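Enquirer: In the numbering used here, the protein residues as written are 148 to 228. Virtual Cβ for every residue (Gly too), placed ideally from N, Cα, C. Treat the numbers as computed from the prediction; the structure is a model and nothing was measured. Can you read through this structure? Questions will come right after.
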Ligand SMILES: [Ca+2]
């Protein structure tokens with residue numbers, strides 16, 4: 148598998164790992180998102196969780212779906228590059 152394909156698979160696996168913890172397995176609740184951040188991106192140092200969550204929740208339905216999550220990771224990747 149190419150590095151890019153691996154990265155895509157990891158992106159999906161990470162989302163599914165946390166989204167499946169409670170409620171709808173296709174969306175991240177605020178609690179799931181916090182856990183994902185703490186475990187997977189500890190260096191991000193997100194302290195304003197509410198603000199961060201509403202930034203990710205583009206359609207304001209109270210949960211972060213896969214598209215919103217990917218949009219965030221892509222934006223973060225662009226910043227890092
Ligand atoms: Ca949403």
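Using the C-alpha atoms, what's the distance from residue 214 back to residue 221?
Expert: Straight-line Cα distance between these residues: approximately 10 Å.
Enquirer: If the criterion is Cβ atoms closer than 8 Å, does the pair residue 174 and residue 212 meet it?
Expert: Their beta carbons are under 8 Å apart, which means residue 174 touches residue 212 by this criterion.
Enquirer: So, at 7 Å on beta carbons, what are the nonlocal neighbours of residue 165 in its own chain, with the 5 sequence-adjacent residues on each side left out?
Expert: The answer, listed in chain order, is 175, 179, 182 and 183.
Enquirer: Using the C-alpha atoms, what's the distance from residue 159 back to residue 152?
Expert: C-alpha separation (whole angstroms): 11 Å.
Enquirer: Taking the Cβ atom as the reference point for each residue, do residue 187 and residue 161 lie within a distance shorter than 8 Å?
Expert: A contact, by the Cβ cut-off of 8 Å.
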